[in-house]
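Q:
Residue numbers (our numbering): 1 to 129.
1) Give every residue of the same chain whose Cβ lies closer than 7 Å to the Cβ of residue 12, excluding the five residues on either side of it in the sequence, and list them in chain order.
2) For a quick check, are the C-beta atoms of residue 42 and residue 61 less than 9 Å apart?
3) Would residue 119 and residue 63 be called neighbours here (beta carbons separated by less than 9 Å)?
4) Rounded to the nearest angstrom, what separates residue 116 and residue 3 at their Cα positions?
5) Taking the CB atoms as reference points, tell me whether residue 16 and residue 46 lie closer together than 9 Å.
6) Buried or exposed: residue 67, going by 16 or more other Cβ atoms within 10 Å of its Cβ?
7) Taking the alpha-carbon positions, what's the residue 36 to residue 59 distance?
8) Using three-state DSSP, classify residue 35 as helix, strand or coil.
9) In three-state DSSP terms, what is residue 66?
10) Starting from the Cα of residue 44, find the closest Cα among 56, 25 and 20 and give me that residue.
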């Protein structure tokens with residue numbers, strides 16, 4: 001979406017530059033002066049372009065903040081599930097045990113969703129029995 005916004009912004013700037021060039025080329029000195037109809041049209045279009053750009057910038061900021069919030073929520077959920085998994089797994093002294101939960105946090109974060117995490121924990125419980 002960012003690329004779309006940038007390309008649209010680039011197009012608007014290009015159109016504005018073309019309009020300015022056509023005014024300078026085709027119009028007489030007084031036609032492009034402030035207060036003339038051509039100048040008013042150009043100024044209105046510039047104002048509209050600036051307003052549209054501001055709206056798009058706000059949209060980008062909102063989307064970025066939503067992405068950050070989702071990422072933080074996901075990390076929090078993974079951390080909760082990791083602690084739950086490590087605390088509920090049965091540990092036996094004769095078998096290889098999970099002594100460092102932080103080591104396994106990386107593996108748990110690779111799992112896609114809670115179902116995979118539950119299945120992994122059940123598998124560990126069965127293995128430790």
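Think of the CB as a built atom: it goes at the ideal place given N, C-alpha and C, for glycine as much as any other residue.
These figures come from a predicted structure and were not determined experimentally.
A: The short version:
1) Contacts found: 49.
2) At least 9 Å separates the beta-carbon of residue 42 from that of residue 61.
3) No, these two residues do not count as a Cβ contact at 9 Å.
4) Those two C-alpha atoms are separated by around 35 Å.
5) Yes, the pair counts as a contact, with Cβ atoms nearer than the cut-off.
6) So residue 67 ends up on the exposed side.
7) Pairing residue 36 with residue 59, the inter-Cα distance amounts to about 35 Å.
8) Here residue 35 sits in coil by DSSP.
9) In the structure shown, residue 66 sits in a helix (DSSP, three-state: H, G or I).
10) Of the listed residues, the one whose Cα sits closest to residue 44 is 20.
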